[in-house]
Structures are given as C-alpha cells and as structure tokens.
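The structure appears right after this line, and notes come after that.
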Amino acid sequence: MIAVSGIHKHFGGFRAVDGATLNIATGSITGLIGPNGAGKTTLFNVIAGTLAPTSGRIEMDGEDITGLAPHELFHKGLLRTFQIAHEFGSLSVRENLMMVPPAQSGERLWSAWFHRARIAREEEALLRKADEVLEFLTIDHLKDERAGNLSGGQKKLLELGRTMMVDAKIVFLDEVGAGVNRTLLGTIGDAIQRLNKERGYTFCMIEHDMDFIGRLCDPVIVMAEGQVMAQGRIDEIKANEQVIEAYLGT
Ligand code: ADP
Numbered sequence: 001m002i003a004v005s006g007i008h009k010h011f012g013g014f015r016a017v018d019g020a021t022l023n024i025a026t027g028s029i030t031g032l033i034g035p036n037g038a039g040k041t042t043l044f045n046v047i048a049g050t051l052a053p054t055s056g057r058i059e060m061d062g063e064d065i066t067g068l069a070p071h072e073l074f075h076k077g078l079l080r081t082f083q084i085a086h087e088f089g090s091l092s093v094r095e096n097l098m099m100v101p102p103a104q105s106g107e108r109l110w111s112a113w114f115h116r117a118r119i120a121r122e123e124e125a126l127l128r129k130a131d132e133v134l135e136f137l138t139i140d141h142l143k144d145e146r147a148g149n150l151s152g153g154q155k156k157l158l159e160l161g162r163t164m165m166v167d168a169k170i171v172f173l174d175e176v177g178a179g180v181n182r183t184l185l186g187t188i189g190d191a192i193q194r195l196n197k198e199r200g201y202t203f204c205m206i207e208h209d210m211d212f213i214g215r216l217c218d219p220v221i222v223m224a225e226g227q228v229m230a231q232g233r234i235d236e237i238k239a240n241e242q243v244i245e246a247y248l249g250t
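If you read the sequence shown in the UniProt record's numbering, its first letter stands for residue 1, the second for the next number, and so on.
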C-alpha cells in the first residue's frame, strides 16, 4: 500500500532520516522500532505530510503522494495519531467523535437554512456512527464523559475511534502503548487487531513495548541512524545481532 523510497530529511546538516526505504503491505500491522533518535518519528511526519522530505518519494497504491498536506492524505484514507492524544477536553467523548468527519453539509452555512431536514438526518447518522464506534471499542459507558477526564489509555482509544469515523485505509500510530496500563493496553491491542481483521485497516506503528509489538506486528522494521537496518518477524528481529548492537549502542 505504501512504498517509501530513498527518503531523506535533513535538519541543517543533520540527517535525521538518511535514505530510508520500506514498504507497508496492504492488510499488515507493520511495526517500526529502533533506538531513540533513529528517525522513526521524523519519517512518520514525512509520510503523514507534517514535514516535507529533503528528497525521496512516497507512493500510496502506486500514486505519488510525496509532500501532500495532511488533509489531502486524510481524504485518501491515510491518517496518523499522535504520541500525545489531541482531544477536545471540554467536549464529551461522543462529541469528540462527531467532530471528525469533514465537509458535512452543516458547514455550508448559506445552504443550511434550505437543508435543515437533510442536516438533521446527517447529524442523526453521525450520532449512530459515533455510538457504533464507542461500542466497538468497548467504551460506550464513557460516551457522555468529558474527554479531558479520560485516562491516557482511554484517550488513545478515543484517538483510534476518531480514525473509525472516516473510512481510513491506513493508520500510523505513534507510541499508542506508551504510559498505558496493562489492561487498557490489552483493549487497545484487541481494537487494533479487530480493525485490521474485520475492517481491513492497515497499520504502521512506532512502539517501544516489545511484547505489544510481538503480539500485534508482522513484519517489524528496524530503523537506526536514519535508515532501515532490518525487517522480519519479531523472533528474527530479536535474534538479529546487528539489531541487538544498535540497541546496546545507545
Ligand atoms: P525517533 O523517533 O526514532 O526517536 P526522531 O525522528 O524523533 O527519532 O529524531 C531523529 C533525530 O532527528 C534526533 O537526533 C532528533 O534530535 C533530530 N530531530 C528531530 N526533529 C528535529 C528538528 N525539528 N530539528 C532538528 N533536529 C531534529
């Protein structure tokens, strides 16, 4: 689905990403690991359109998407979540989900007066969709809670839920497991697996928790010093001496 070839991202003279080449297969849950400073987040930012690459090319299903803005990628079904969840704290969990879909008729104010019935129908559909998402994620009991009151792990689930309000094809997850307790980590892992199997989502995730990676990801791609140094199943990666050295070297 995604082909990244020869991506460089330099900050001044510093090569944060230094010729990274990798593929993300349709239907996979691909893990991206590597020591701190390896360039993982920078590469995510380049793929998701928040940073322009210095050079290189990114394709999605054969189409050149290099340098497209996040909202353009969003319309193509490419979404990313952030290490720190971005919720609207004073809105309810359900309202947060309803904020997501773009280009609702309600946004076109000039026509709103003429189309009240249609807008009401659309709002009703949005509500139903939000409730369905909450049920899927097993957090329907939190629907009226203010999003600002959620725990870190619950916010991560909400972030996943927001990707379900649009028809995402591929979701880039940035350390979705960081700082989340074991129970919620299990719930998040289940949601990722079910979205993958039942809804056909492809995932690419940066993660430090090797157990979490081992449970979910195949293949696992290892970055070090701005480049891809290995790729394989988690057991192959764990036995790879170059990988072990890259981790010990930090
Ligand atoms: P990782 O996610 O693998 O820990 P990052 O992509 O965050 O790695 O960072 C790779 C390197 O690029 C680090 O040395 C970091 O300090 C540097 N870096 C990241 N963003 C910037 C920036 N905006 N300006 C300068 N250096 C940066």
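Built from N, CA and C at the ideal position, the CB exists for glycine as well.
Reduced DSSP secondary structure (H/G/I, E/B, other) of residue i
{"i": "Ala130", "result": "helix"}
{"i": "Leu79", "result": "strand"}
{"i": "Ala48", "result": "coil"}
{"i": "Phe88", "result": "coil"}
{"i": "Glu245", "result": "helix"}
{"i": "Ala25", "result": "coil"}
{"i": "Ala20", "result": "strand"}
{"i": "Met1", "result": "coil"}
{"i": "Ile58", "result": "strand"}
{"i": "Gly152", "result": "helix"}
{"i": "His208", "result": "coil"}
{"i": "Lys9", "result": "strand"}
{"i": "Thr41", "result": "helix"}
{"i": "Thr202", "result": "strand"}
{"i": "Ile139", "result": "coil"}
{"i": "Val171", "result": "strand"}
{"i": "Glu225", "result": "coil"}
{"i": "Arg233", "result": "coil"}
{"i": "Val100", "result": "coil"}
{"i": "Val176", "result": "coil"}
{"i": "Thr183", "result": "helix"}
Residue environment, residue i, which counts as buried when at least 16 other CB atoms sit within 10 Å
{"i": "Lys9", "result": "buried"}
{"i": "Thr183", "result": "exposed"}
{"i": "Leu216", "result": "buried"}
{"i": "Leu43", "result": "buried"}
{"i": "Gly177", "result": "buried"}
{"i": "Leu248", "result": "exposed"}
{"i": "Glu175", "result": "buried"}
{"i": "Phe212", "result": "buried"}
{"i": "residue 257", "result": "Here the chain comprises residues numbered 1 to 250, so residue 257 is not present and cannot be evaluated."}
{"i": "Lys197", "result": "exposed"}
{"i": "Ile244", "result": "exposed"}
{"i": "Thr81", "result": "buried"}
{"i": "Gly153", "result": "buried"}
Contact belief for residue i with residue j at Cβ below 8 Å, rounded distance in angstroms
{"i": "Leu127", "j": "Met99", "result": "At roughly 13 Å, the Cβ-Cβ gap does not stay under 8 Å, so Leu127 and Met99 are not in contact."}
{"i": "Val180", "j": "Glu145", "result": "With a Cβ gap of about 17 Å, Val180 and Glu145 do not count as contacting."}
{"i": "Glu225", "j": "Ile33", "result": "Incorrect: roughly 14 Å between the Cβ atoms, too far for contact."}
{"i": "Gly49", "j": "Leu73", "result": "5 Å"}
{"i": "Met210", "j": "Leu173", "result": "With 8 Å as the limit, Met210 and Leu173 do not qualify as a contact, their Cβ atoms being about 16 Å apart."}
{"i": "Ala147", "j": "Gly89", "result": "6 Å"}
{"i": "Phe203", "j": "Thr30", "result": "7 Å"}
{"i": "Gly27", "j": "Gly200", "result": "7 Å"}
{"i": "Ile47", "j": "Asn23", "result": "Ile47 to Asn23, Cβ: 12 Å. No contact."}
{"i": "Leu150", "j": "Thr187", "result": "Not really, about 13 Å apart at Cβ, beyond 8 Å."}
Under 6 Å from any heavy atom of the ligand ADP, by CB: list those residues in chain order, please.
Every residue with a CB closer than 6 Å to a heavy atom of the ligand ADP is listed here in chain order: Phe11, Phe14, Ala16, Gly34, Asn36, Gly37, Ala38, Gly39, Lys40, Thr41 and Thr42.
Quick check: the stretch 158-174 against the stretch 127-140, are at least 3 beta-carbon pairs closer than 8 Å?
yes
Would you call the stretch 3-22 and the stretch 48-57 in contact, with 3 or more CB pairs under 8 Å?
yes
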